[in-house]
Structure formats: structure tokens, C-alpha cells
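Report on the structure given below.
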Amino acid sequence: MSSAEKIAAIREPDTAAGGSLVSVVIPVYNEAANLRALWARLEPVLRACGRPWEVLFVDDGSADQSLDILREIAAGAHGAVRVVELARNFGQHSAILAGFRQCRGEVVVTLDADLQNPPEEIPRLLAAIDEGNDVVGGWREERQDFAYRRFASHLHNRVTSMIVGVPMHDYGCMLRAYRRHIVDTVVACDEKAAFVPALANSFAKRVAEIPVGHDERQSGNSKYNLFRLAHLSLNLITGFSLMPIQAVSLAGLLVFVLDTLFALLLVAHRIFFGPQEEGALWTLFAVAFFVLGFILLAIGLIGEYIGRIYIEVRKRPTYIVRAVHGEEPEAPVRR
Ligand code: UDP
Ligand code: MG
Numbered sequence: 005m006s007s008a009e010k011i012a013a014i015r016e017p018d019t020a021a022g023g024s025l026v027s028v029v030i031p032v033y034n035e036a037a038n039l040r041a042l043w044a045r046l047e048p049v050l051r052a053c054g055r056p057w058e059v060l061f062v063d064d065g066s067a068d069q070s071l072d073i074l075r076e077i078a079a080g081a082h083g084a085v086r087v088v089e090l091a092r093n094f095g096q097h098s099a100i101l102a103g104f105r106q107c108r109g110e111v112v113v114t115l116d117a118d119l120q121n122p123p124e125e126i127p128r129l130l131a132a133i134d135e136g137n138d139v140v141g142g143w144r145e146e147r148q149d150f151a152y153r154r155f156a157s158h159l160h161n162r163v164t165s166m167i168v169g170v171p172m173h174d175y176g177c178m179l180r181a182y183r184r185h186i187v188d189t190v191v192a193c194d195e196k197a198a199f200v201p202a203l204a205n206s207f208a209k210r211v212a213e214i215p216v217g218h219d220e221r222q223s224g225n226s227k228y229n230l231f232r233l234a235h236l237s238l239n240l241i242t243g244f245s246l247m248p249i250q251a252v253s254l255a256g257l258l259v260f261v262l263d264t265l266f267a268l269l270l271v272a273h274r275i276f277f278g279p280q281e282e283g284a285l286w287t288l289f290a291v292a293f294f295v296l297g298f299i300l301l302a303i304g305l306i307g308e309y310i311g312r313i314y315i316e317v318r319k320r321p322t323y324i325v326r327a328v329h330g331e332e333p334e335a336p337v338r339r
């Protein structure tokens, strides 16, 4: 059965299912070539999971046919699918936050649109939530990405685990499930540069991680280049901890103490042995430049924090919802 036939085949809601509503939030940025295949796999999984569900696609300012395809999917899904259309590209995590705001589920699952996260893993995430976890993260044990991405992620996970205080193998995997109160808290933070998995973990009491499959991107390219990844990591570090600036202060103190000792040594040398030879002058130059470089670095870091304060104080919206397609939230939820 083709995906179009499958979509067309959805007519009546499934028979009443027990359990609370599950929302699936999917950020979409130029994924036209993947969306029908995604829906063809996701929809049967949700129908089979035996509880009411809804899907929220967040179109993050796609320039291709993504929005049209999403609206087509929503039109055939009888209220089970809504499409949140953002006014422009705000980034994956902002798109997820937009979906969080609109969804109603007691459990909220996030997933990428490029089929790297197999939708078939969703029931396992839900089972882990049912065991009493607030957050369940997928762990891509066998990642289908380039080596540089895997290395960058390894570093990212170590740093994130440390600053969030919740160790996890895979903070970057967006195949995750959250309980409602976690989603509410994340939304209430209204952060401008939020990294959703880390923020959610910082509010969770019980966090679990389960190994999940990971496939190659079905079609198209990753939206993350090294620069975007580095930017995400820097936002994460400065957004969660004062550690970098504190480390700079400590190092500054150490340099100051060493510098004072060095100066005393030079004075003593001059008193007891007479003036320096030329070599010592160069040493002083080297020290001066070292201190200068250090100060510049410190200023840069302080600037990073001031920048963040500025962004928060400005209170500009993180995203702007232009329209919500599909049925009204009051409409009966598909089972
Ligand atoms: N995405 C998004 N906005 C962006 C970048 C990405 O909504 O600005 C979506 C994208 O469509 C996909 C998910 O976020 O569904 C993950 O993106 P991608 O696959 O490019 O990241 P990677 O798998 O390489 O980490
Ligand atoms: Mg991907």
C-alpha cells in the first residue's frame, strides 16, 4: 500500500483506547522528500499503540513543499494531525518548543522528520514512561552519521552530562518522551536559546535512556554544519552554567599571583645582582602579551553572558506562529 493510499484509508477513528493522550511533536525544515514516508510509518505505529494520540508537525519556515504535504496529511487525518506553521526558520529546538506549546498530551514524544529516528521505537519509549520515568531518551548506539559528527556528539554528551548533572550517553538524540509536567515547565521557561533535552532533564526526577535504532537520513542533507553545532554547544554551556566564567576568574587569580611572584623575583634580582640582561626584557614582553591575551579572552566570555542577558531582557519572541492548521484543540482526539 502506498503512503497516499494509507493516508486515504484513514476514515474512522480507531476503537476506544485506554490510557492518556500521547502527542508526537515533529520539527520539519525542508523535509518534503521524507514526510510521506514518515507518515506512512508513523501512523500505523500510533494506531497500534492502543491509546489516544495526536501528531503536531511544526513547519520551521520550510522553503520547499513541506508545508503543503503536511497540510495534506493533516486534512486526511481527521483531527489527529495538526500543523503549526512558523513564520520563518527559527531552528529545531524553537520549533519543538512551539509544538510543546500547542500539544495536549500527558506524554509528549519528539522525533526527527528525516526518518533517522525509527517511529517503530515509540512504543518502547511509552513503556519506559509508564514505568514511572519523567523523561526517556533514545540512545543511538549505532549512529549512522559521519565520524566527525559522532566525535562532536561524544564531546557534547560528556559536557552536557556534567553541566546538567544528569549523565546520559546521547543528549543529541531527539527521539525522546516527556511527561506533561516536564513539558509545561520547559514551556514556562520561555528560553530563547533552549536546548530541549538538557532543559527537560534539569527538571526531571527520573530519567531513563533506552537504546534505539538510527538510520541514515532518508533524503536531503543534515541542517547542521560544524558552525551550527558549535553554536548549539556554546549556547548550551553558557545557558546552563557559570563554570566557564568561574574557571576564567580562577585562572586570572592564579596568573595574578604568579605574576606578582615573578615581579618580586625580578626586583630581588635587580637589588642583589644588578640590572637584567636583554633576555629578561623579552621574557617580560612575553608575559605582558600572555596577560593581554588572557584579558581579552575573559572579556569575550563576559561578553557572552552579557549577550545572553541582553537576549532575555529584549523579550523578543522565540518564534512566531502564523497559523495552526487542522482542527481546533477542542475537537475530539483521534484514538
Ligand atoms: N530542523 C528544524 N529546523 C532547523 C533544522 C532542523 O526543524 O532549523 C528539523 C529537521 O527537519 C529534522 C530535525 O530538525 O526533522 C533534525 O534535523 P537534522 O536531521 O538536519 O539534524 P541531524 O540529524 O543531522 O542532527
Ligand atoms: Mg537527521
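With the working numbering as the guide, the letters of the sequence shown map in order to residues 5 to 339. Positions of the beta carbon are idealized from the N, C-alpha and C atoms, including for glycine.
Check                                                                                                                            : Outcome
Beta-carbon proximity list for Lys105, same chain, < 7 Å, skipping 5 on both sides                                               : With the sequence shown as reference, residue 105 is identified as Arg, and Lys is not the correct amino acid for it. So the list reads Val191, once near-sequence residues are dropped.
Ser98 to Met172 span [Cα, whole Å]                                                                                               : 22 Å
Between the CA atoms of Leu119 and Gly65 - distance to the nearest angstrom                                                      : 19 Å
Alpha-carbon to alpha-carbon, Asp138 and Ala208                                                                                  : 6 Å
Identity of the residues DSSP links to Arg180 by a beta bridge                                                                   : Thr114 and Gly141
Top-ranked residue by Cα proximity to Gly298, from Ala267, Leu265 and Ile249                                                     : Note on identity: in this sequence residue 298 is Phe, with Gly being the wrong assignment. The shortest C-alpha separation from Phe298 is found at Ile249.
For Val170, the first and last residue of its enclosing beta strand (DSSP E)                                                     : Looking at the DSSP string, Val170 is not in any beta strand (DSSP E), and its letter there is neither H nor E.
Straight-line Cα distance separating Arg183 from Ala197                                                                          : 22 Å
Contact test: Arg221 Cβ vs the ligand MG heavy atom, cutoff 7 Å                                                                  : yes
Residues bridged to Glu213 (per DSSP)                                                                                            : Gly141
Exposure label - Gln303; buried when at least 16 CB within 10 Å                                                                  : The identity of residue 303 in the sequence shown is Ile, whereas the question assumes Gln. Per the 10 Å Cβ criterion, exposed.
Beta-carbon proximity list for Ala327, same chain, < 7 Å, skipping 5 on both sides                                               : Glu89
Residue nearest to Ile313 in terms of C-alpha spacing, selected from Val295, Phe293, Gly243 and Ala255                           : Gly243
Cβ-Cβ distance between Trp57 and Leu50 below 8 Å                                                                                 : yes
Contacts around Asn93, its chain only, beta-carbon distance under 7 Å, and the 5 residues preceding and following it disregarded : Tyr33, Asp64 and Gly65
Candidates Tyr175, Val112 and Ala156, of which the one nearest Leu60 by Cα                                                       : Val112
Best match in Gln69, Leu130 and Leu305 for proximity to Ser27 [C-alpha to C-alpha]                                               : Leu130
Closer than 7 Å: Glu89 CB and nearest the ligand UDP heavy atom                                                                  : no
Separation of Gly256 from Ile275, as counted between CA atoms                                                                    : 28 Å
With 16 other Cβ atoms within 10 Å as the buried cut-off, status of Ala267                                                       : exposed
Whether Ala41 touches Gly224 by CB criterion (8 Å)                                                                               : no
Residues of its chain near Ser24, where Cβ-Cβ distance is below 8 Å and the 5 sequence neighbours each way are ignored           : Arg55, Pro56, Gly109, Glu110 and Val111
Straight-line gap, Asn229 to Val211 (C-alpha atoms, nearest Å)                                                                   : 29 Å
Residues bridged to Ser27 (per DSSP)                                                                                             : Glu58 and Val112
Residues of its chain near Ser157, where Cβ-Cβ distance is below 6 Å and the 5 sequence neighbours each way are ignored          : Gly176
Separation of Lys227 from Leu258, as counted between CA atoms                                                                    : 42 Å
Cβ neighbour criterion (16 or more within 10 Å) applied to Leu296                                                                : exposed
With 16 other Cβ atoms within 10 Å as the buried cut-off, status of Leu159                                                       : exposed
CB of Arg144 within 8 Å of CB of Gly330, strictly                                                                                : no
Distance between Leu74 and Gly103 (C-alpha atoms, nearest Å)                                                                     : 14 Å
Proximity test, Ala99 beta-carbon vs the ligand UDP heavy atom, cut-off 7 Å                                                      : yes
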